[in-house]
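According to this note's numbering, the sequence shown is numbered sequentially starting from 8.
Think of the CB as a built atom: it goes at the ideal place given N, C-alpha and C, for glycine as much as any other residue.
Computed from a prediction, not measured in an experiment: that's the story for all the values here.
What follows is one structure encoded as structure tokens, with my remarks underneath.
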Amino acid sequence: MNQFTFYANKPSQNYNKVDIWLLGSILLLWGLGIFTLYVCSQNFAIRAFGNPLYFVKRQLLCSAVGFVLFAGFMITDMRYIRKFVSVIVIVSLVLCFLTFVPGISIIKNGARRWIRLPGNFTFQPSELVKFAIVLFLANYFDKQDKLLNPEEKTVFPCVIALIVFAGIVFAQKDFSTGVFITLIGILLFFVSGAKLVWIFPFALIAIPAAFLMITLNPYRLQRLIGWISPDEFSSSINYQSLNAKRAISAGGVWGSGIGVGLSKINSIPEVQADYIFAGWAESMGYIGVVIYFVLLGFFAYRGYKAALSNPDKFSALSTFGCVSVIVLQSLVNTMVVSGVLPSTGINLPFFSLGGTSIIITLAMCGFIVNASRCEKIDEKMTESDEINIESLSYL
Numbered sequence: 008m009n010q011f012t013f014y015a016n017k018p019s020q021n022y023n024k025v026d027i028w029l030l031g032s033i034l035l036l037w038g039l040g041i042f043t044l045y046v047c048s049q050n051f052a053i054r055a056f057g058n059p060l061y062f063v064k065r066q067l068l069c070s071a072v073g074f075v076l077f078a079g080f081m082i083t084d085m086r087y088i089r090k091f092v093s094v095i096v097i098v099s100l101v102l103c104f105l106t107f108v109p110g111i112s113i114i115k116n117g118a119r120r121w122i123r124l125p126g127n128f129t130f131q132p133s134e135l136v137k138f139a140i141v142l143f144l145a146n147y148f149d150k151q152d153k154l155l156n157p158e159e160k161t162v163f164p165c166v167i168a169l170i171v172f173a174g175i176v177f178a179q180k181d182f183s184t185g186v187f188i189t190l191i192g193i194l195l196f197f198v199s200g201a202k203l204v205w206i207f208p209f210a211l212i213a214i215p216a217a218f219l220m221i222t223l224n225p226y227r228l229q230r231l232i233g234w235i236s237p238d239e240f241s242s243s244i245n246y247q248s249l250n251a252k253r254a255i256s257a258g259g260v261w262g263s264g265i266g267v268g269l270s271k272i273n274s275i276p277e278v279q280a281d282y283i284f285a286g287w288a289e290s291m292g293y294i295g296v297v298i299y300f301v302l303l304g305f306f307a308y309r310g311y312k313a314a315l316s317n318p319d320k321f322s323a324l325s326t327f328g329c330v331s332v333i334v335l336q337s338l339v340n341t342m343v344v345s346g347v348l349p350s351t352g353i354n355l356p357f358f359s360l361g362g363t364s365i366i367i368t369l370a371m372c373g374f375i376v377n378a379s380r381c382e383k384i385d386e387k388m389t390e391s392d393e394i395n396i397e398s399l400s401y402l
């Protein structure tokens, strides 16, 4: 049984000052991401659009929207945010269904992951789902904790919600994001104290379904074969992966410099997207890679610290989920780029080109910073106020 301790909601919330270290790590990650996007995308942007700043300008514009949401989630009382959880979930669901509507959806390589927006922009609803499922599960688990009658307590709706959202994303042919959403959901089940017996029926369906989706889809099966045989298929399925490894190796210890001699990343198709970490590694070298992981680790430390010390269970679980989404997604992407995992469609938060990704990432960061402001009232609370996670053993 988990030993995390959460606390009952108080009539009002007390706030400290913003965690400047957490805020600083977020701004640094975002700044390094913009810098890396410029370094990696300028050559392709010149060839395709005649403007070396084309992708950077679009990312900055989406970042501006993201920072508005960041500020909104940071300053809004958690009780008011909680009132809009159902709205966020419904909007996410509607946007996901819009990806199947002709004329609104955009189909790329057979996948329906995007919807059209004015100004030649697109929106990827599955990115919003990551945030929505975290808020939904945290809100429901907290409500269940307050029920006095054990017979009324159940997490069945959470299992159904997870199946519905993951199923819609799978239907969009976004296999990797669907798996990622499922894993985040299972993680929240675990840290909330819910018995994993509730997950077993879901696993009995999900594991065979995932196996079939891989083996019956030629593209996914080729990716898996390419990962098993990394030195083969160098001109086809492993082309991007092998060039990414060469770029990482070319960086050496100190890197090739900023915009100088970065010949390897130019051979990676659309390096500004999922393989942008290879560009960072080539330009900044082993030292740069270490700096990135130290910064990511520091962000994780401050974020998880804010979650585990938060006096409100909804805020604590939501913050834990948001931090996990960003950190785990970052680790998955870097492992894919370095060849540790098979190629997926998981991008690198703060770094990869993607308007929806940077907007939702900054929104989640605003929520995390908000949670870090909550007053640590452990010593001020009485034993009757404290609710240990073991109280959820009925699940």
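What's the call for residue i, buried or exposed, on a 16-neighbour Cβ count within 10 Å?
| i | result |
| --- | --- |
| Asp26 | buried |
| Tyr87 | exposed |
| Ser93 | exposed |
| Leu102 | buried |
| Arg230 | buried |
| Ala55 | exposed |
| Ser236 | exposed |
| Glu239 | exposed |
| Phe143 | buried |
| Arg123 | exposed |
| Asn146 | buried |
| Asp84 | exposed |
| Val108 | exposed |
| Lys387 | Unreliable placement is indicated for Lys387, whose pLDDT of 41 sits below 50; no coordinate value is reported for it. |
| Asn58 | exposed |
| Pro414 | Summary: the structure shown does not reach residue 414, with the chain confined to residues 8 through 402, and so no result is reported for it. |
| Ser19 | Residue confidence is low: Ser19 scores 40 on pLDDT, short of 50, so the model does not pin down where it sits. Its coordinate-derived value is still stated next. When all chains shown are included, Ser19 counts as exposed. |
Which two residues bound the contiguous alpha helix (DSSP H) that contains residue i?
| i | result |
| --- | --- |
| Trp28 | Ile27 to Phe56 |
| Pro164 | Phe163 to Ala178 |
| Cys329 | Lys320 to Val344 |
| Asn403 | The chain is shown only over 8 to 402; residue 403 falls outside these bounds and no answer can be derived. |
| Ala378 | Gly362 to Ser379 |
Taking the beta strand (DSSP E) that residue i belongs to, which residues open and close that run?
| i | result |
| --- | --- |
| Leu190 | Looking at the DSSP string, Leu190 is not in any beta strand (DSSP E); the run it does join, the alpha helix (DSSP H), is Phe182 to Val198. |
In its own chain, which residues sit with a C-beta less than 8 Å from the C-beta of residue i, not counting the 5 before and 5 after it?
| i | result |
| --- | --- |
| Arg227 | Phe182, Met220 and Ile221 |
| Lys24 | Arg380 |
| Gly373 | Leu76, Phe77, Ala78, Gly79, Phe80 and Met81 |
| Ser32 | Leu302, Phe305, Phe306 and Arg309 |
Check whether chain D comes within 9 Å of residue i, counting only Cβ atoms and requiring the distance to be less than that.
| i | result |
| --- | --- |
| Tyr147 | Here chain D cannot be found, since the structure has a single protein chain. |
Got a sec? Which residues, its chain only, sit under 6 Å from residue i by beta carbon, not counting five neighbours each side?
| i | result |
| --- | --- |
| Tyr293 | Val260 |
| Ser70 | Ile365 |
| Ser274 | Asn250 |
| Thr351 | Ser183 and Val343 |
| Ser48 | Phe62 and Gln279 |
| Gly361 | Asn354 |
| Phe358 | Gly40, Thr43 and Ile283 |
Below 7 Å CB to CB, which residues in the same chain sit around residue i once its five sequence neighbours on both sides are set aside?
| i | result |
| --- | --- |
| Ser331 | Ile191 and Leu194 |
| Gly185 | Ala173, Val176 and Phe177 |
| Ala213 | Thr189 |
| Lys17 | Residue placement at Lys17 cannot be trusted, given a pLDDT of 43 that sits under 50; what the coordinates show is reported in the next sentence. Only Pro318 meet the Cβ criterion. |
| Val406 | Only positions 8 to 402 of the chain appear in this structure, which leaves residue 406 out of reach. |
| Gln179 | Thr106, Ala118, Arg119, Arg120 and Ser133 |
| Ala378 | Ala313, Ala314, Asn317, Ser322 and Thr326 |
| Val72 | Ile366 |
Would you say the beta carbon of residue i comes nearer than 8 Å to a heavy atom of the ligand SAM?
| i | result |
| --- | --- |
| Lys115 | Here there are no bound small molecules, and the ligand SAM is not part of this structure. |
Can you look up residue i in the DSSP assignment and give me helix, strand or coil?
| i | result |
| --- | --- |
| Ala254 | helix |
| Ala139 | helix |
| Asn146 | helix |
| Val63 | helix |
| Lys312 | helix |
| Leu68 | helix |
| Ser248 | helix |
| Ala201 | coil |
If you scan the segment 72 to 137 from start to end, which runs of the beta strand (DSSP E) of 3 or more residues do you find wholly inside it?
112 to 115, 118 to 124 and 128 to 130
At which residue ranges does the segment 212 to 237 contain complete alpha helix (DSSP H) runs of 4 or more residues, listed in the order of the chain?
225 to 235
Ranges of the beta strand (DSSP E) found wholly within the segment 259 to 305, counting only runs of at least 3
none
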